[in-house]
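Colleague: Please find one structure pasted underneath; my questions will follow.
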Amino acid sequence: MAKTESVDCSDREGWTALHKAAANGKADILRSLLAQGSNVNAQTKNGRTPLYLAAVDGNEECVMLLLANDADPGIKNEEGRAAGEVAKLFNHHAVLELIRGERK
Numbered sequence: 109m110a111k112t113e114s115v116d117c118s119d120r121e122g123w124t125a126l127h128k129a130a131a132n133g134k135a136d137i138l139r140s141l142l143a144q145g146s147n148v149n150a151q152t153k154n155g156r157t158p159l160y161l162a163a164v165d166g167n168e169e170c171v172m173l174l175l176a177n178d179a180d181p182g183i184k185n186e187e188g189r190a191a192g193e194v195a196k197l198f199n200h201h202a203v204l205e206l207i208r209g210e211r212k
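For the sequence shown, my numbering assigns the number 109 to the initial residue and increments by one for each residue that follows.
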């Protein structure tokens with residue numbers, strides 16, 4: 109099995125280790141997984157990406173790290189919402205600015 113296949117293994121809902129690290133604000137684990145070639149734009153069964161999950165949580169460090177590794181902020185979930193939209197919905201203004209490229 110190739111290295112990227114093992115870091116991108118997912119559970120029944122499509123969550124990879126990268127999704128779980130992003131959802132729990134574990135920037136150090138994100139860094140390690142990304143360095144091992146994890147798919148930064150992997151989607152769960154309902155279309156959520158690691159960037160989307162970090163935006164929901166309002167975690168600026170994780171959002172910056174994912175964006176720096178080419179996370180696509182335009183990917184939408186099954187409800188048609190992208191990471192920036194959920195950042196706005198949850199009043200995470202700093203995260204929204206990062207996603208829009210207004211702040212680095």
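We put the beta carbon where it would ideally sit given N, CA and C, even for glycine. Owing to the predicted nature of the structure, the values given are computational and were not obtained by experimental measurement.
Suppose contacts are defined by Cβ-Cβ distances below 8 Å. Is C170 in contact with A176 by that definition?
Modeller: Going by C-beta atoms, C170 is not nearer than 8 Å to A176.
Colleague: Rounded to whole angstroms, what's the CA-CA distance from A129 to R208? Just pull it up for me.
Modeller: Between A129 and R208, the C-alpha separation is close to 22 Å.
Colleague: Count the other CB atoms, across all protein chains shown, that sit within 10 Å of the CB of N167; report buried if there are 16 or more and exposed otherwise.
Modeller: With 16 or more Cβ atoms within 10 Å of its Cβ, N167 is classed as buried.
Colleague: To which residues of the same chain is A190 closer than 8 Å at the C-beta, ignoring the five residues directly before and after it?
Modeller: The residues are Y160, P181, G182, I183 and K184.
Colleague: Hey, V115 and S146 are a contact pair by Cβ (cut 8 Å); roughly how many whole angstroms apart?
Modeller: Rounded, the Cβ-Cβ distance is 4 Å, consistent with contact.
Colleague: On the three-state DSSP scale, how would you describe H200?
Modeller: In this structure, H200 counts as coil in the three-state DSSP scheme.
Colleague: Can you give me the C-alpha to C-alpha distance between A143 and L204, rounded to a whole angstrom?
Modeller: The straight-line gap from Cα to Cα measures roughly 25 Å.
Colleague: Please report the straight-line C-alpha distance between N49 and A125, rounded to a whole angstrom.
Modeller: Because the chain spans 109 through 212 in this model, residue 49 falls outside it and cannot be assessed.
Colleague: Do P158 and H201 have their C-beta atoms closer together than 8 Å?
Modeller: Cβ distance not < 8 Å, so P158 and H201 don't count as in contact.
Colleague: Apart from the five residues just before and just after W123, which ones in its own chain have a Cβ nearer than 6 Å to its Cβ?
Modeller: The answer, listed in chain order, is T152.
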